[in-house]
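Each remark here refers to the structure printed beneath this line.
2 protein chains.
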Amino acid sequence: MVPPAIAPRRRAPLDRRRILEAALRLIDEHGLAELSMRRLGAELDVQAMSLYRHLPNKQAVVEGVRDLIFTELAQLRPAATEEESWDAGLTAMARAFRGICRRHPHALVLFATDVDRAYAASSSFYEPTLTSLVGAGFTEDDAADAVRIVVRYVLSSELLTAAVTTTPNPLTNEEVTRLGEQRPLTGHLVRSLRTRPPATLEDPGFALIVAGLRARLPSR
Amino acid sequence: MVPPAIAPRRRAPLDRRRILEAALRLIDEHGLAELSMRRLGAELDVQAMSLYRHLPNKQAVVEGVRDLIFTELAQLRPAATEEESWDAGLTAMARAFRGICRRHPHALVLFATDVDRAYAASSSFYEPTLTSLVGAGFTEDDAADAVRIVVRYVLSSELLTAAVTTTPNPLTNEEVTRLGEQRPLTGHLVRSLRTRPPATLEDPGFALIVAGLRARLPSR
DNA sequence: ACCTGAACACCGTTCAAGT
DNA sequence: ACCTGAACACCGTTCAAGT
Chain A
574 MVPPAIAPRR RAPLDRRRIL EAALRLIDEH GLAELSMRRL GAELDVQAMS
624 LYRHLPNKQA VVEGVRDLIF TELAQLRPAA TEEESWDAGL TAMARAFRGI
674 CRRHPHALVL FATDVDRAYA ASSSFYEPTL TSLVGAGFTE DDAADAVRIV
724 VRYVLSSELL TAAVTTTPNP LTNEEVTRLG EQRPLTGHLV RSLRTRPPAT
774 LEDPGFALIV AGLRARLPSR
Chain B
574 MVPPAIAPRR RAPLDRRRIL EAALRLIDEH GLAELSMRRL GAELDVQAMS
624 LYRHLPNKQA VVEGVRDLIF TELAQLRPAA TEEESWDAGL TAMARAFRGI
674 CRRHPHALVL FATDVDRAYA ASSSFYEPTL TSLVGAGFTE DDAADAVRIV
724 VRYVLSSELL TAAVTTTPNP LTNEEVTRLG EQRPLTGHLV RSLRTRPPAT
774 LEDPGFALIV AGLRARLPSR
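If you're matching them up, the sequences are chains A and B in order.
Quick note on the working numbering: the first sequence kicks off at 574 and runs consecutively.
Quick note on the working numbering: the second sequence kicks off at 574 and runs consecutively.
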């Protein structure tokens, strides 16, 4: 009845899932550019070369992380109910999608590839909105276009915002004044950049798209 | 009357402008990720270390390239005429802006920073469109928002498109069929990804924004 | 004044070797 | 079976040295 001699284990054994979760953690915290095989190894208390036992190369790591996020989106679900109007449903979908974008701002570039798999992996997320659009009188084609345009709008806006938020070297007040004398309306626009930052334009921009869709809806 | 002895020169002397133009050339041809100080040196028949005589570091190279493109945009001018309607002018502006995006797809990320300087450097490009919007009855604020929303829409769409265009591992027909059985409308959407690729959605999406703006215009 | 060679601290990845 | 050390070909950048 000697208990089996278990070697004291310093750490959990490496596996694909643990590696990918650590990679997502690193990306969320420090950005995609900071992800290196050596750092990822260090995060897991392992030499970088050990990772190659479980994943063929760095690209495979990045793709694995992307799939992890797709799965997360599928879990989400806009609070769309049956009686909800099509525009409220579309808005809820856009907000939820934006939510997941903002949880992983550094990983957004990964959303741009394998779009068909992204929609398929998160079909439970998209289907209610599409149903409500078709119920409101849009054709299946127009409903698909509407959802795709909205998803593209949110994703690309977030991508742009995530690309850079800082303006390291802003125009001085004198420069803005001089611009305003030469081109008054562009001067006004540049001043508006300060009072209304990019983030405050995303909802108005989205509202324009919805208004455009409404104008296009066959009168009931 | 001895002619001054001119040492035979293997190459033009290095200067900031020549370096930046070579960098833009490399970015346009091979992408931002492929730009390295060593490659840039090689392109100019010089050791990488020589570049540091003219530019403090790699970031300065990248910022210099961005300014080069801003200047290029300022030269452009939408063919807006006085009698043109506001929506035709806005559309022309969007098309011209998209044109410059497509000339430097690999450099698009650089557009996301120093937005105020970008508008100021290209004010001659934006002012006519803004004038036409205000002439049509939009307030200065609404005109500024309209232009900013459109510029953001075009830039972010192009950014998303440039991020990745390939789908290395597309869904098989069986996978799409199975999806269609479970979620018919998402299935339809995924099928539409093939018949109507992303590029064909940019103009409809932009048309929705214009339609939304029109709905918002105070009735004359 | 302008360019370079050697060096440092980083990459991703391969491969033979350790346990 | 799983992990590692040494090595290779790359980075950006510094600094003392060459012309």
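The beta-carbon is built from N, C-alpha and C at its ideal position, and this holds for glycine as well.
Since the structure is predicted, the reported quantities are computational estimates derived from the model, not experimental observations.
| Check | Outcome |
| --- | --- |
| Can you find the residues in the same chain that come closer than 6 Å, C-beta to C-beta, to E775 of chain B, ignoring five residues on each side of it along the sequence? | S730 |
| In chain order, what residues of the same chain have a beta carbon less than 8 Å from the beta carbon of R589 of chain B, not counting five sequence neighbours either side? | H627, L628 and G637 |
| Straight-line CA distance for Y692 of chain B to T759 of chain A? | 7 Å |
| Nearest to L762 of chain A by CA position, among B:T644, B:L706, B:A595 and B:R671, is which residue? | B:L706 |
| Does the Cβ-Cβ distance between I642 of chain A and I673 of chain A come in under 9 Å? | yes |
| At which residue ranges does the segment 591-667 of chain B contain complete alpha helix (DSSP H) runs of 4 or more residues, listed in the order of the chain? | 610-616 and 631-648 |
| Using three-state DSSP, classify D588 of chain A as helix, strand or coil. | coil |
| E754 of chain A CB to nearest chain B CB: under 9 Å? | no |
| Looking only at its chain, what residues have a beta carbon closer than 7 Å to the beta carbon of E713 of chain A, apart from the 5 residues adjacent to it on each side? | V707 |
| Pick out whichever of B:F711, B:G753 and B:L681 has its Cα sitting closest to the Cα of P791 of chain B. | B:F711 |
| Between M552 of chain B and the rest of its own chain, which residues show a CB-CB distance below 7 Å, the 5 nearest in sequence each way excluded? | Because chain B here runs from 574 to 793, residue 552 of chain B falls outside it and cannot be looked at. |
| Buried or exposed: where does H677 of chain B fall if 16 or more other Cβ atoms within 10 Å of its Cβ makes it buried? | buried |
| Please report the straight-line C-alpha distance between G753 of chain B and A669 of chain A, rounded to a whole angstrom. | 23 Å |
| Thinking F779 of chain B and A667 of chain B are a contact (beta carbons under 8 Å), I'd like their distance in whole angstroms, please. | 6 Å |
| Taking Cβ positions only, does E771 of chain B come closer than 9 Å to chain A? | The sequence shown places Pro at residue 771 of chain B, not Glu. Yes, P771 of chain B lies at the interface with chain A (some Cβ there is under 9 Å from its Cβ). |
| Quick check: what's the CA-CA separation for P701 of chain A versus A606 of chain A? | 36 Å |
| List the residues of chain A whose Cβ lies closer than 7 Å to the Cβ of N742 of chain B, in chain order. | D687 |
| Please report whether the beta-carbon of P791 of chain B lies at a distance below 9 Å from any beta-carbon of chain A. | no |
| Nearest-angstrom Cα distance between D715 of chain A and L732 of chain B? | 24 Å |
| Please state whether the Cβ-Cβ distance between A735 of chain B and L663 of chain B is less than 9 Å. | no |
| If you follow the alpha helix (DSSP H) that N746 of chain A is in, where does it begin and where does it stop? | N746 to Q755 |
| If you drop the 5 nearest sequence neighbours on each side, which residues of the same chain put their C-beta closer than 7 Å to that of L608 of chain A? | A596, L599 and I600 |
| Is there a C-beta anywhere in chain B that falls below 9 Å from the one on R721 of chain A? | yes |
| Output needed for R675 of chain B: all residues of its chain with C-beta closer than 8 Å, excluding positions within five of it in sequence on either side, in chain order. | E731 |
| Does L733 of chain B get closer than 9 Å to chain A when you measure Cβ to Cβ? | yes |
| Who are the near neighbours of E602 of chain B in its chain, counting only those whose CB is closer than 8 Å to its CB and skipping five residues on each side? | none |
| Please report the residue range of the alpha helix (DSSP H) in which R769 of chain A lies. | Per DSSP, R769 of chain A belongs to no alpha helix (DSSP H) and is neither H nor E. |
| Among B:A685, B:L683, B:V688 and B:W659, which one has its Cα closest to the Cα of A784 of chain B? | B:W659 |
| Mind listing which residues of the segment 598-616 of chain A have their C-beta closer than 8 Å to chain B's C-betas, in chain order? | none |
| Flag this pair as yes or no: are the beta carbons of A717 of chain A and S765 of chain B separated by less than 9 Å? | yes |
| Taking the alpha-carbon positions, what's the Y726 of chain A to Y726 of chain B distance? | 7 Å |
| D687 of chain B: buried (16+ other C-beta within 10 angstroms of its C-beta) or exposed? | buried |
| Considering only C-alpha positions, which residue in the set A:L781, A:T745 and A:P777 is nearest to D689 of chain B? | A:T745 |
| Rounded to whole angstroms, what's the CA-CA distance from L703 of chain A to R751 of chain B? Just pull it up for me. | 18 Å |
| Which residue spans inside the segment 698-743 of chain A form an unbroken alpha helix (DSSP H) run of at least 4? | 713-736 |
| Does the beta carbon of E747 of chain B sit closer than 9 Å to a beta carbon anywhere in chain A? | no |
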